[in-house]
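Here the protein sequences come in this chain order: P and X. Going by the UniProt record's numbering, the first residue of the first sequence is number 1, and it counts up by one from there. Going by the UniProt record's numbering, the first residue of the second sequence is number 1, and it counts up by one from there. No residue lacks a Cβ here, since even glycine has one placed at the ideal position from N, Cα and C. Just so we're clear, the structure is a prediction, and the values are computed from it rather than from any experiment.
2 protein chains.
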Amino acid sequence: MNPINILVAQGGGPTAVINQSLVGVVLEARRHAGIGAVYGARHGVKGIVRDDLVDLGGASAELLEQVATTPAAALGSTRDKPDAAYCAAIFDVLRARAIGQFFYIGGNDSSDTVRIVSEAAQAQGYPLSCIHIPKTIDNDLMGNDHTPGYPSAARFVAQAFAGADLDNAALHGVYIGVVMGRHAGFLTAAAAAARQHPDDGPHLIYLPERAFDTERFLAEVQAVVQRLGRCVVAVSEGIHDADGQPILAQLGKALARDAHGNVQLSGTGALADLLCEQIKARLGLSRVRGDTLGYLQRSFVGCVSDVDQREARAVGEQAMRYAMQGHVAGSVAVLRTEGLGAHYPLIPLATVAARTRTMDDAFIAASGSDVTPAFLDYLLPLLGSGRVQTQRLRLPAVAPRASAG
Amino acid sequence: MNPINILVAQGGGPTAVINQSLVGVVLEARRHAGIGAVYGARHGVKGIVRDDLVDLGGASAELLEQVATTPAAALGSTRDKPDAAYCAAIFDVLRARAIGQFFYIGGNDSSDTVRIVSEAAQAQGYPLSCIHIPKTIDNDLMGNDHTPGYPSAARFVAQAFAGADLDNAALHGVYIGVVMGRHAGFLTAAAAAARQHPDDGPHLIYLPERAFDTERFLAEVQAVVQRLGRCVVAVSEGIHDADGQPILAQLGKALARDAHGNVQLSGTGALADLLCEQIKARLGLSRVRGDTLGYLQRSFVGCVSDVDQREARAVGEQAMRYAMQGHVAGSVAVLRTEGLGAHYPLIPLATVAARTRTMDDAFIAASGSDVTPAFLDYLLPLLGSGRVQTQRLRLPAVAPRASAG
Numbered sequence: 001m002n003p004i005n006i007l008v009a010q011g012g013g014p015t016a017v018i019n020q021s022l023v024g025v026v027l028e029a030r031r032h033a034g035i036g037a038v039y040g041a042r043h044g045v046k047g048i049v050r051d052d053l054v055d056l057g058g059a060s061a062e063l064l065e066q067v068a069t070t071p072a073a074a075l076g077s078t079r080d081k082p083d084a085a086y087c088a089a090i091f092d093v094l095r096a097r098a099i100g101q102f103f104y105i106g107g108n109d110s111s112d113t114v115r116i117v118s119e120a121a122q123a124q125g126y127p128l129s130c131i132h133i134p135k136t137i138d139n140d141l142m143g144n145d146h147t148p149g150y151p152s153a154a155r156f157v158a159q160a161f162a163g164a165d166l167d168n169a170a171l172h173g174v175y176i177g178v179v180m181g182r183h184a185g186f187l188t189a190a191a192a193a194a195r196q197h198p199d200d201g202p203h204l205i206y207l208p209e210r211a212f213d214t215e216r217f218l219a220e221v222q223a224v225v226q227r228l229g230r231c232v233v234a235v236s237e238g239i240h241d242a243d244g245q246p247i248l249a250q251l252g253k254a255l256a257r258d259a260h261g262n263v264q265l266s267g268t269g270a271l272a273d274l275l276c277e278q279i280k281a282r283l284g285l286s287r288v289r290g291d292t293l294g295y296l297q298r299s300f301v302g303c304v305s306d307v308d309q310r311e312a313r314a315v316g317e318q319a320m321r322y323a324m325q326g327h328v329a330g331s332v333a334v335l336r337t338e339g340l341g342a343h344y345p346l347i348p349l350a351t352v353a354a355r356t357r358t359m360d361d362a363f364i365a366a367s368g369s370d371v372t373p374a375f376l377d378y379l380l381p382l383l384g385s386g387r388v389q390t391q392r393l394r395l396p397a398v399a400p401r402a403s404a405g
Numbered sequence: 001m002n003p004i005n006i007l008v009a010q011g012g013g014p015t016a017v018i019n020q021s022l023v024g025v026v027l028e029a030r031r032h033a034g035i036g037a038v039y040g041a042r043h044g045v046k047g048i049v050r051d052d053l054v055d056l057g058g059a060s061a062e063l064l065e066q067v068a069t070t071p072a073a074a075l076g077s078t079r080d081k082p083d084a085a086y087c088a089a090i091f092d093v094l095r096a097r098a099i100g101q102f103f104y105i106g107g108n109d110s111s112d113t114v115r116i117v118s119e120a121a122q123a124q125g126y127p128l129s130c131i132h133i134p135k136t137i138d139n140d141l142m143g144n145d146h147t148p149g150y151p152s153a154a155r156f157v158a159q160a161f162a163g164a165d166l167d168n169a170a171l172h173g174v175y176i177g178v179v180m181g182r183h184a185g186f187l188t189a190a191a192a193a194a195r196q197h198p199d200d201g202p203h204l205i206y207l208p209e210r211a212f213d214t215e216r217f218l219a220e221v222q223a224v225v226q227r228l229g230r231c232v233v234a235v236s237e238g239i240h241d242a243d244g245q246p247i248l249a250q251l252g253k254a255l256a257r258d259a260h261g262n263v264q265l266s267g268t269g270a271l272a273d274l275l276c277e278q279i280k281a282r283l284g285l286s287r288v289r290g291d292t293l294g295y296l297q298r299s300f301v302g303c304v305s306d307v308d309q310r311e312a313r314a315v316g317e318q319a320m321r322y323a324m325q326g327h328v329a330g331s332v333a334v335l336r337t338e339g340l341g342a343h344y345p346l347i348p349l350a351t352v353a354a355r356t357r358t359m360d361d362a363f364i365a366a367s368g369s370d371v372t373p374a375f376l377d378y379l380l381p382l383l384g385s386g387r388v389q390t391q392r393l394r395l396p397a398v399a400p401r402a403s404a405g
């Protein structure tokens, strides 16, 4: 039997642990006798059609382990979505390179790409195992308890809001932090992990799972300011009104779209600025500050969940094992076991492809502007070990002077 | 001799290590026999005039050590600047509480407050030691080699750009990160520490020490994109044109000012968005993303330089010792010694107060859009131990197929 050449690539927005999955595939491949060349395509499917490949089989384990702990797709990424002509070009290269297994690490758009390639292989009778390996900071893959990339991004968001809340407690006013996640609020919701005491922020959390009403938002901010003298708010970039229109569209800006039809919400501070201006104008508050957490959420060096690292490595290894067991198509899922462990079944691509999981109602408070304790029970074990604990200086006030003269 | 009551407060924008200095004062005070009550004023001078004090003498060492590693002013902060009436109200409380030593932890605005209080004490013959303890992420205090708070913020900026550069390398396009610092470019310049290889970003660095010319900026971005297929840019929030007008003012927005006359530049993503729009419109590039690093730079939990922590503690301890030695007015400075150490002379308040240090010409590249190796020699020892090293996947491309079909 000829050895099987394999091809691995990365698609969509990178994460802090996406290279763990890449290295998981490559090192696991070395444990199987039937594997020949291990190719990496640069910039996802774009690198396949361009025959722009690197030889991962020749990389030292030392280099790979260093790459594994480096954020952002080491092979490069793309948001290209193959159509029929694109698919034909992919198969030209797969044939020429005698590829028998294709691994694509990405989110729901990338899993749709795997589905398209897998169906094309079947249609033309080309023998190809197509395995999707999950990653997304949005945590929005169907069929998964959670998704590699999310725990590290969630840890970043929690630490960002923990610090922003302390900063706001020192100088007061209103602080708005805008968090990534166009349809799913999981990452925004992770801001809740910043809280240690009842008066800690974020005091309000707005998720894309609930329609955003500007009047109610202003009333809720005002109520918190009246109660605490300050307010910290976590807002998803994907908030929209009851008609599904993005709040950002209220700016009247033409919103750019990518090849998958997704509106560009990230890479601009416009939503935070819009909300701050509303608060200043309508509530008459002066110190109102907005941050957009931006690309740091998925790429910041030095903020990673060790749980996430382990699981991201495991889904890469499992993908390779499933391919060697003769599975021809599927997506590796992450399901939680009792305790802190996880298991990784192979689920149908159709379960994941181009579908979006959003937060369960049980995770969202009745108010619509907070999470539930059940969500924190879900989230906290994912954030990993070694989180820095903060401490407020909670001391009694010195008694007033007898005669304040 | 009656014991001396002391008062400590924090002013201006918080940092990751400002509480180290607070705890340095409080714990050092416990080593001196002549000290009575140790008061903390909440929210800086505002807390003094309101007689809003806490008893730091009653805080346990365990609590204080936890507070020391927590970012953002634990006592609360303010940007109030005392005028004559405000000063009179301060002295009412100082007299009533029999305060003999006043410690104020802050930047150049706060040191000006210390100068005003100190001169008022002399004018009215009130015996008061007034010691300014330095902190600022901007690193803009005269008479100092560097300032507590800067190394940790610089580490955050370096790690943010290291990750953003990897993300940009994966998906290409142009990335602009806007960094705090209204007049001094030190923090923006710290982005240069993200680089490991010649083609790593940030590829361009724009500092407030040089006039910003939009045409030159666009040409420089275009040149990098032509060379590398991508470009990462670090921009100071304080960039201004040759007439000194903030580039942000080109938006035509009314810019808010604080009590010290400073224009509000932070807490908005407007500058990044403005620059991104220019690049899209004028260079015809599609994937252009802007982040504004915002308050995370000074408050993010879990990103701190251990060098910074040690020095921030030391300036608090030294301030207390100077006061006990009978020094009545001054600012504790940080000067570098051979090796990695520092020493902390007491310098005149007038050296620091309301003055702004900017980057030496020797730290800025002749191009005006980068730093020099001398700046990196200055910066790198401050960033502390335990920085995460990243690794790009640098592998040779697989040779093209003999017949490409």
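Asked, Found
"What residues in the segment 71-82 of chain P bring their beta carbon closer than 8 Å to a beta carbon of chain X?", "71, 72, 73, 74, 75, 76, 77, 78, 79"
"Where are the alpha helix (DSSP H) runs, 4 residues long or more, that stay fully inside the segment 258-320 of chain X, in chain order?", "270-283, 296-299"
"Since residue 212 (chain X) is in the beta strand (DSSP E), which residue starts that stretch and which ends it?", "Run containing residue 212 (chain X): none; DSSP gives neither H nor E here."
"Near residue 129 (chain P), what residues of its chain come up, given a Cβ to Cβ distance below 6 Å and the 5 sequence neighbours on each side ignored?", "101, 323, 328"
"Select from the segment 287-318 of chain P all residues with a C-beta closer than 8 Å to any C-beta belonging to chain X, and list them in chain order.", "288, 289, 290, 291, 292, 293, 294, 295, 296, 298, 299, 300, 301, 302, 303"
"Straight-line CA distance for residue 346 (chain X) to residue 55 (chain X)?", "27 Å"
"Hey, does residue 401 (chain X) have any beta-carbon neighbour from chain P nearer than 8 Å?", "yes"
"Is it right to say residue 80 (chain X) is buried, meaning 16 or more other beta carbons lie within 10 angstroms of its own, or is it exposed?", "buried"
"Which word fits residue 178 (chain P), buried or exposed, when buried means at least 16 other C-beta atoms lie within 10 angstroms of its C-beta?", "buried"
"Does any residue of chain X bring its CB to less than 8 Å from the CB of residue 188 (chain P)?", "no"
"Which residues in chain X sit within 9 Å of residue 66 (chain P), going by Cβ to Cβ distance?", "389, 390, 391"
"With distances taken between CB atoms, is the gap from residue 220 (chain X) to residue 369 (chain X) smaller than 8 Å?", "yes"
"By the three-class DSSP mapping on this structure, what secondary structure does residue 53 (chain X) have?", "strand"
"Which of helix, strand or coil does DSSP assign to residue 371 (chain P)?", "strand"
"Thinking residue 230 (chain X) and residue 172 (chain X) are a contact (beta carbons under 8 Å), I'd like their distance in whole angstroms, please.", "4 Å"
"DSSP three-state label for residue 151 (chain X), please.", "helix"
"Starting from residue 270 (chain P), find everything on chain X with Cβ-Cβ shorter than 9 Å and list it in chain order.", "269, 270, 273"
"Contact between the segment 47-54 of chain X and the segment 136-145 of chain X: three or more CB pairs below 8 Å?", "no"
"So, with DSSP's three-state summary, where would you put residue 245 (chain X)?", "coil"
"So the candidates are X:227, X:92, X:29, X:182; which of them puts its Cα closest to the Cα of residue 61 (chain X)?", "X:29"
"Terminal residues of the continuous beta strand (DSSP E) containing residue 91 (chain P)?", "That residue, residue 91 (chain P), is in no beta strand (DSSP E); its alpha helix (DSSP H) goes 84-96."
"Quick one, which of X:398, X:290, X:281 has its alpha-carbon nearest residue 270 (chain X)'s?", "X:290"
"Answer with buried or exposed for residue 309 (chain P), where buried requires no fewer than 16 other C-beta atoms within 10 angstroms of its C-beta.", "buried"
"Please state the DSSP three-state secondary structure of residue 71 (chain X).", "coil"
"Using DSSP with H/G/I as helix, E/B as strand and the rest coil, what is residue 115 (chain P)?", "helix"
"Relative to the alpha-carbon of residue 305 (chain X), which residue among X:150, X:114, X:75, X:131 has its alpha-carbon at the smallest distance?", "X:150"
"Does residue 414 (chain X) pass the burial test, meaning 16 or more other C-beta atoms within 10 Å, or should it be called exposed?", "Outside the shown range of chain X (1 to 405) lies residue 414 (chain X), about which nothing can therefore be said."
"If you drop the 5 nearest sequence neighbours on each side, which residues of the same chain put their C-beta closer than 6 Å to that of residue 280 (chain P)?", "288"
"Secondary structure at residue 2 (chain X), three-state DSSP: helix, strand or coil?", "coil"
"Does the Cβ-Cβ distance between residue 315 (chain P) and residue 143 (chain P) come in under 8 Å?", "no"
"Taking CB distances under 8 Å as the criterion, tell me whether residue 39 (chain P) reaches chain X.", "yes"
"When you compare the CB positions of residue 113 (chain X) and residue 40 (chain X), do they come within less than 8 Å of one another, or not?", "no"
"Would you give the residue range spanned by the beta strand (DSSP E) that residue 133 (chain X) belongs to?", "129-134"
"Which residues in the same chain have their Cβ closer than 7 Å to the Cβ of residue 36 (chain P), if we skip the five residues on either side of it in sequence?", "3, 4, 5"
"Kindly give me the distance between the Cβ atoms of residue 42 (chain P) and residue 76 (chain P), rounded to whole angstroms, as I take these residues to be in contact under 8 Å.", "5 Å"
"Does residue 146 (chain X) pass the burial test, meaning 16 or more other C-beta atoms within 10 Å, or should it be called exposed?", "buried"
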